[in-house]
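>
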Amino acid sequence: MTTSTLPGASLIAELRPEARNAPESGIVEVVNHGRVKPGLIPLWVGEGDLSTPDFIVRAANKSLADGETFYTWQRGIPELREALARYHTALYGQPLSADRFFVTGSGMQSVQIAVRMIAGPGDELVIPTPAWPNFAAAIGVAGAKAVCVPMDLEHGRFTLDLDKLAAAITPKTRALVINSPANPTGWTATKDEMAALLALARKHGIWIIADEIYGRFVYGGAPRAASFHDVMEAEDRVLFVQTFSKNWAMTGWRIGWIEVPAAFGQVVENLIQYSTSGSPVFVQRAAIAALTEGEPFVAEQIARATEGRRIIFEGLKATNRVSLTAPDGAFYQFFSVDGREDSRALAIELVDEANVGLAPGTAFGPGGEKGLRLCFARKSSDLVEAVARLQRALTS
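Per the working numbering, the very first residue in the sequence shown carries number 120; after that it's consecutive.
1) With H, G and I counted as helix, E and B as strand and the rest as coil, what does DSSP make of R440?
2) Less than 6 Å between C-beta atoms, sequence neighbours within five positions excluded: which residues of the same chain meet that for A408?
3) Using 10 angstroms around the beta-carbon of D471, count the other beta-carbons present and answer buried if the total reaches 16, otherwise exposed.
4) Can you round the beta-carbon distance between F277 and W306 to whole angstroms, since I take them to be within the 8 Å contact cut?
5) When you compare the region 443 to 450 with the region 288 to 307, are there three or more beta-carbon pairs, one atom per stretch, that lie closer than 8 Å?
6) May I ask which residues mark the beginning and end of the alpha helix (DSSP H) holding P252?
7) Do you know whose CA, among A478, P249, V475 and M369, lies nearest P172's CA?
8) Do you know how far the Cα of Y333 is from the Cα of Q361?
9) Closest to I246 by CA distance: which of V150, L295 and I232 is it?
10) What does the alpha-carbon distance come out to for the pair T292 and Q403?
11) For the structure I just gave you, are there three or more beta carbon pairs, one from the region 486 to 494 and one from the region 450 to 465, closer than 8 Å?
12) Looking at I374 and S398, is the spacing between their C-beta atoms short of 7 Å?
13) Quick one: give me the first and last residue of the alpha helix (DSSP H) that L281 is part of.
14) Tell me the rounded alpha-carbon separation between D74 and D330.
15) Based on Cα-Cα distance, which residue from K156, D218 and W192 lies nearest to A381?
16) With distance defined between alpha-carbon atoms, name the residue in D461, N474, S499 and Q228 nearest to A422.
17) Please state whether DSSP places E472 in a helix, a strand or coil.
18) Any idea which residues DSSP pairs N298 with across the strands?
19) Assuming E412 and F220 are in contact, meaning their beta carbons sit under 8 Å apart, how far apart are those beta carbons, in whole angstroms?
20) Cα separation between S442 and S129?
21) Where do the ends of the beta strand (DSSP E) carrying L183 lie?
22) By how many angstroms is the C-alpha of V222 removed from the C-alpha of A233?
23) Under 8 Å by Cβ, that's how I've got M351 and L317 pegged, so tell me the actual separation to the nearest angstrom.
24) Per DSSP, G490 forms a beta bridge with which residues?
25) Along the chain, where does the alpha helix (DSSP H) containing I196 start, and where does it finish?
26) Applying the 10 Å Cβ sphere with the 16-neighbour rule, what's the burial state of K365?
27) Counting C-beta neighbours from all protein chains within 10 Å, is the total for T289 16 or more, i.e. buried, or is it exposed?
28) Hey, out of N474, L199 and D185, whose CA is closest to L162's CA?
29) Cβ of L203 within 7 Å of Cβ of W376?
30) State the Cα-Cα distance for the pair R511 and P485, rounded to the nearest angstrom.
31) Run through DSSP, which three-state label would R276 get?
32) Taking the beta strand (DSSP E) that G226 belongs to, which residues open and close that run?
33) Can you list, in chain order, the residues of its chain with a C-beta nearer than 6 Å to that of G262? Leave out the 5 residues immediately preceding and following it.
34) Rounded to whole angstroms, what is the Cα-Cα separation between Q213 and A314?
35) Using only the alpha-carbon positions, how far apart do R459 and P157 sit?
36) Going residue by residue through the region 324 to 380, where are the continuous alpha helix (DSSP H) segments of at least 4 residues, counting only ones entirely within it?
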C-alpha cells in the first residue's frame, strides 16, 4: 500500500507545510534497504559498536530501584547540572557555572531548542556543508530557511572559505551553524578559525549555534578540539548543543544538554516543558555517572577510533579508486569513488555487493553529493573485514 492509498491521504495537503515538507532521511533509506541482510557490517550511522558501560547502567538501575520515576526538574536535576559544570570547567580550563546548563531529551532536542529560540518564518541560518542533515531539517520545521554554503574540496580535504560564508549573510540571517569537528567530513576548525567565525558573527550581530559534540575525538595529539569557549566573551551570542551519545556510548538513552547564558533559563525551561516536560531521572543519574566516572571509557573510545581511522584510511587509499584525506576529528571517513557521481546508488550497490553499509553523501547537502560516509568507531576486526569487502567491490 502506497502513501497515496492509505486512510487519511487526502488530508495531507491540509497539514502545515513545515511538517508536510520535512525531508526523509537519505541515510535511513539505505539503512532500510540493508537492515536485515545477514552478515552486513553496518557503518552507516553515527554510533560505535560498544554497549553503554556497566557503571552507567548500574546508576540507572539504582535510580529505578530507588523509585525515581516521577516528574522532576524541567531544567535537569541539580546534581547533573553541577556535574556538567565541573566537566566543562575541567575540559576548557575556565570556570563555568551550573546555571548555564540545561538537560534535554537528546542532542537533537538541543538543536531544536536553539533554533526555536532565535529563528522562525522568514529567518535564515547559514550552514557550511556537507553537514549533518538534521540541522537543515530542524531549521525547516521551525519555518526558517537553511542557507547552505558548500565547503571547498581539494584532494579529499574540506576547507572553510570565510569569504563565501560572509557573502551568504543577509539581513534575514539569524545564525551561523558551526559543527566542529564536523559530521560527516571530519573538518576541524583551528582556534584562529573559531576566532574568525566569532568575529564574523559579532560584525553582523548574529548568533552561532555551536555543535562541538565530537570535540574529544581529535587526532594528532591534542586533548580536544578548539572550541568557541576558547575565544568568546560572556556576552557573545553562542548557543552550544551537546549530547551524551558519542563519548559514553549512550545513543539509545536520548539525553543531551544545551549550554546558553544563565539569563535564558526560564525560556529554555518553558521550551522543555512544552515538548518533553523533562528527562527521566534514572537517565539523568546515568548521565552523572558518565561524567564523573567515564574518563577511562572515553579514552578507550578515542583509542579505538584512532586505530579505526588508520585502518579505514590506509585500506581505502590502497584501492587507488578513491579521493580522501584522513579526518582531523570526529569518527567518520568521508570519501568519493573515482568515476561514480551518484552516491545514493553507490551506497545501495555496496550494500548488495560488498555487504557493507555506508551513508550516501547526498544526505548531507550541497558539496557532499559524490561522497560516502563511513563510521569507524568500531572494533578493528570488523573494520579490517569491511575494508577487504570494499576493496574487492571497488576494484572489481
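Ideal placement from N, C-alpha and C gives every residue a C-beta, glycine not left out. All figures in this text were calculated on a predicted structure; none of them were measured in a lab.
In short:
1) To locate residue 440, count along the sequence shown from 1; it is residue 321. Reduced to three states, the DSSP call for R440 is coil.
2) The sequence position of residue 408 within the sequence shown is 289, counting from 1. The answer, listed in chain order, is F174, I175 and A178.
3) As a working note, residue 471 is residue 352 in the sequence shown. Flag for D471 reads exposed.
4) Position 158 of the sequence shown, counted from the first residue, corresponds to residue 277. Position 187 of the sequence shown, counted from the first residue, corresponds to residue 306. Sure, about 5 Å apart at Cβ, within 8 Å.
5) yes
6) In the sequence shown, counting from the first residue as 1, residue 252 sits at position 133. Its alpha helix (DSSP H) spans residues P252 to V260.
7) Your numbering for residue 172 matches position 53 in the sequence shown. Closest by alpha carbon: M369.
8) The residue given as residue 361 occupies position 242 in the sequence shown. The residue given as residue 333 occupies position 214 in the sequence shown. Going from the Cα of Q361 to the Cα of Y333 covers about 9 Å.
9) Here the question's residue 246 lines up with position 127 in the sequence shown. When only C-alpha atoms are compared, the closest one is L295.
10) Your numbering for residue 292 matches position 173 in the sequence shown. Your numbering for residue 403 matches position 284 in the sequence shown. Each residue's alpha carbon lies about 35 Å from the other.
11) yes
12) To locate residue 398, count along the sequence shown from 1; it is residue 279. To locate residue 374, count along the sequence shown from 1; it is residue 255. In contact: S398 and I374 (Cβ atoms closer than 7 Å).
13) If you number the sequence shown from 1, residue 281 lands on position 162. Taken as a continuous stretch (DSSP letters only), the alpha helix (DSSP H) holding L281 covers L281 to A286.
14) With the chain represented from 120 up to 515, any question about residue 74 goes unanswered, as that position is not in the structure.
15) Walking along the sequence shown from the start, residue 381 turns up at place 262. For the residues K156, D218 and W192, the minimum Cα distance to A381 belongs to D218.
16) As a first step, residue 422 is located in the sequence shown; it is residue number 303 there, counting from the start. For A422, the nearest C-alpha among the options comes from S499.
17) Within the sequence shown, numbered from 1, the residue matching residue 472 stands at position 353. Three-state result, E472: helix.
18) The residue you call residue 298 lines up with position 179 of the sequence shown. Its beta-bridge partners are D330.
19) Position 293 of the sequence shown, counted from the start, is the residue given in the question as residue 412. Position 101 of the sequence shown, counted from the start, is the residue given in the question as residue 220. E412 to F220, Cβ: 19 Å. No contact.
20) Position 323 of the sequence shown, counted from the start, is the residue given in the question as residue 442. Position 10 of the sequence shown, counted from the start, is the residue given in the question as residue 129. So the alpha carbons of these two residues sit roughly 46 Å apart.
21) Position 64 of the sequence shown, counting from 1, holds the residue named residue 183. Note, L183: premise wrong, no beta strand (DSSP E); alpha helix (DSSP H) at D173 to A184.
22) Residue numbering aside, residue 233 sits at position 114 when the sequence shown is read from its first letter. Residue numbering aside, residue 222 sits at position 103 when the sequence shown is read from its first letter. Those two C-alpha atoms are separated by around 13 Å.
23) On the sequence shown, residue 351 is found 232 positions in, with the first residue counted as 1. On the sequence shown, residue 317 is found 198 positions in, with the first residue counted as 1. Between L317 and M351 the Cβ distance is about 6 Å, and since that is below 8 Å, they are a contact.
24) Position 371 of the sequence shown, counted from the first residue, corresponds to residue 490. In the DSSP output, where bridge partners are listed per residue, G490 has S455.
25) Translated into positions along the sequence shown, residue 196 becomes position 77. From DSSP, I196 is part of no alpha helix (DSSP H); its letter is neither H nor E.
26) Taking the first residue of the sequence shown as 1, we reach residue 365 at position 246. Burial call: buried.
27) Here residue 289 is taken as the residue at index 170 of the sequence shown, counted from 1. Exposed: under 16 other Cβ atoms inside 10 Å.
28) One-based indexing of the sequence shown puts residue 162 at position 43. Ranking N474, L199 and D185 by Cα distance to L162 puts N474 first.
29) Position 84 of the sequence shown, counting from 1, holds the residue named residue 203. Position 257 of the sequence shown, counting from 1, holds the residue named residue 376. Contact: yes.
30) On the sequence shown, residue 511 is found 392 positions in, with the first residue counted as 1. On the sequence shown, residue 485 is found 366 positions in, with the first residue counted as 1. So the alpha carbons of these two residues sit roughly 29 Å apart.
31) The residue given as residue 276 occupies position 157 in the sequence shown. In the structure shown, R276 sits in a strand (DSSP, three-state: E or B).
32) For the purposes of this step, residue 226 is taken as the residue at position 107 of the sequence shown. G226 -> not in any beta strand (DSSP E); alpha helix (DSSP H) instead, spanning G226 to I237.
33) Indexing the sequence shown from 1 puts residue 262 at position 143. Taken in chain order, the residues that qualify are E137, G239 and P240.
34) If you number the sequence shown from 1, residue 213 lands on position 94. If you number the sequence shown from 1, residue 314 lands on position 195. About 17 Å.
35) In the sequence shown, residue 459 corresponds to position 340, counting from 1. In the sequence shown, residue 157 corresponds to position 38, counting from 1. Looking at the two C-alpha atoms, the distance is approximately 26 Å.
36) none
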